[in-house]
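In this note's numbering, the protein residues as written are 19 to 119. Beta carbons: idealized from backbone N, C-alpha and C, even for Gly. Since the structure is predicted, the reported quantities are computational estimates derived from the model, not experimental observations.
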Amino acid sequence: MMENMSMSVNQLLQCAASQIEVIRESEVYRTYLKDSPVLSAAAAIVLGVLSLPALTFLSFIIVLCLLTFMGFLFIEGTLITFGVIVTAGILFFIGTFVASF
Numbered sequence: 019m020m021e022n023m024s025m026s027v028n029q030l031l032q033c034a035a036s037q038i039e040v041i042r043e044s045e046v047y048r049t050y051l052k053d054s055p056v057l058s059a060a061a062a063i064v065l066g067v068l069s070l071p072a073l074t075f076l077s078f079i080i081v082l083c084l085l086t087f088m089g090f091l092f093i094e095g096t097l098i099t100f101g102v103i104v105t106a107g108i109l110f111f112i113g114t115f116v117a118s119f
């Protein structure tokens, strides 16, 4: 059991070391992009253009979910209103029938 824990700790340490290396590399990229603004503008444009399909898809999904929820609310509201009207009518006629005697 201790051997498994030590292996898990070693794996976590290796993962942390790789993450630190990624952070160091990203700092190098940041300084390089600060030094060359044309390249950073081109990278931003490319990133924006490449993210358009994903953003379009996500906005479509969000709007579709909202419209589906609104449709559900309208249908449920209609059914509840119809049920209340029918129940009120039945109770009214039962009340009038009982009161007539």
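If you ignore the 5 residues before and after V64, its C-beta comes within less than 6 Å of no other C-beta in its own chain. Between L73 and A61, the CB-CB gap reaches or exceeds 8 Å. I108 and G89 have their C-alpha atoms roughly 29 Å apart. Shown here for L57: same chain residues with a beta carbon closer than 7 Å to its own, the five before and five after excluded, namely L51 in chain order.
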